[in-house]
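Read in numbering that gives the first Met the number 0, the sequence shown has 152 at position 153, and its numbers run on one by one without any break. Comments concern the structure below.
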Amino acid sequence: MDPEWLSRRDAEALFHQLRDGIAWEVHRIRLFGRMHASPRLSCWIGDAGARYRYSGTLFEPHPWPEALLSVRARLRRELGVDFNSVLANLYRDGRDAMGWHSDDEPELGPEPVIASVSLGATRRFLLKHRIRPDARLTLELPPGSLLVMSGPTQRHCQHALPRTQRMVGERINLTFRRVL
Ligand SMILES: O=C(O)CCC(=O)C(=O)O
Ligand SMILES: [Fe+2]
């Protein structure tokens, strides 16, 4: 994790551009066989054709906002991965969250590289091994940070963004992916 991948200024500018510029929507997800409104706002963005089946719903990509093209280009230069899509999430307050899951949809391939950029409020991110309960990691993801998950991470581990009782402001998270 690089806590200062974006400067404070760039992180703040990008937060506001995306907060106001993205067509945020409520995504419906399957949980224990039933469909629920997920507790956050989201938008699936990507190249035409980068369709994504996620928790039982097929998402057609929204076009790239200008502000994300330079982020994608920098990730390509630095990580050597040509990301063709990004899931943007807006956590409105501490009640918005994401439960335990892996980003292991088949269209991401067996060992996907996922680049996660955080903006806005700092929130806690948890990572745990599927069968070794002692193998756990807690990270605070500050604005402007970059977290890269790669190799067998999605196969072996799950991650979550828990709710918090603390008063926290809005947070945007961008998980860049490559849909095959
Ligand atoms: O908000 C985060 O940091 C994690 C989001 C996430 O895991 C996902 O979108 O798959
Ligand atoms: Fe995830």
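Backbone N, C-alpha and C fix where the C-beta goes; we use that ideal spot for every residue, glycine too. No experiment lies behind these values; they were computed from the predicted model shown.
Separation of the CB atoms of Y90 and E24 is rounded to 14 Å, and the pair is thereby denied contact status at 8 Å.
In this structure, T174 has its beta carbon less than 7 Å from a heavy atom of ligand 1. Fewer than three Cβ pairs drawn from the stretch 134–143 and the stretch 85–100 lie within less than 8 Å of each other, which leaves the two stretches out of contact.
When distances are taken from the beta-carbon of H100 to the heavy atoms of ligand 2, the shortest one is below 7 Å. Of all alpha-carbon atoms in D95, P132 and D102, the one lying nearest the alpha-carbon of P161 is that of D95.
Ligand 1 approaches S115 closely enough that one of its heavy atoms is under 7 Å from the residue's Cβ. Counted as a single uninterrupted DSSP element, the alpha helix (DSSP H) harbouring S69 occupies residues E65 to L78. Collapsing the DSSP output to three states places R122 in a strand. Residue environment for A10: buried (at least 16 other C-beta atoms within 10 angstroms of its C-beta). Per DSSP, Q164 lies in no beta strand (DSSP E) segment and is marked neither H nor E.
Between the stretch 145–154 and the stretch 102–119, the count of C-beta pairs closer than 8 Å reaches three or more; the two stretches touch. For I130, the closest alpha carbon among the candidates S115, Q157, T121 and R122 is that of Q157. In the DSSP assignment, A12 falls within the unbroken alpha helix (DSSP H) covering R7 to G20. Residue R18 holds the alpha-carbon nearest to the alpha-carbon of R39 among R18, H128 and R76.
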